[in-house]
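>
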Amino acid sequence: MSRKGHIAKRKILPDPKFHDKLISKFVNKVMLRGKKSTAESIVYGSFDIIQGKLNDDPLKLFKQALENIK
Numbered sequence: 397m398s399r400k401g402h403i404a405k406r407k408i409l410p411d412p413k414f415h416d417k418l419i420s421k422f423v424n425k426v427m428l429r430g431k432k433s434t435a436e437s438i439v440y441g442s443f444d445i446i447q448g449k450l451n452d453d454p455l456k457l458f459k460q461a462l463e464n465i466k
């Protein structure tokens, strides 16, 4: 039986560009082998494409997509 203390969960910090915790969680899910900068560039790049083609807020569309799959 382990006698070590309980490890507290880390709080998810919001992402630096949009200041949103959901995007930070999504970046962490996209991340492979600890390559967070690559995952951020993929997510932010896709948001830039959404911004350019649809001329709409990518954060709003991302949250709407999450609501659609719930």
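Every position in the sequence shown, counted from 1, becomes a number in the working numbering once 396 is added.
All residues carry an ideal CB built from backbone N, CA and C; glycine is no exception.
1) How long is the line joining the alpha carbons of G448 and K413, rounded to whole angstroms?
2) Leaving out five residues on either side along the sequence, give the residues of the same chain with a beta carbon under 7 Å from the beta carbon of F422.
3) Take the Cβ of P410 as the centre, count every other Cβ of all protein chains shown within 10 Å, and call the residue buried at 16 or more, exposed below.
4) How is the alpha helix (DSSP H) around K449 delimited, first residue to last?
5) State the CB to CB distance for the pair I446 and L457, rounded to an integer number of angstroms; the pair is presumed to be in contact (CB under 8 Å).
In brief:
1) Just so you know, the alpha carbons of G448 and K413 end up roughly 17 Å apart.
2) V439
3) Flag for P410 reads exposed.
4) For K449, the uninterrupted alpha helix (DSSP H) segment begins and ends at K432 to L450.
5) 6 Å
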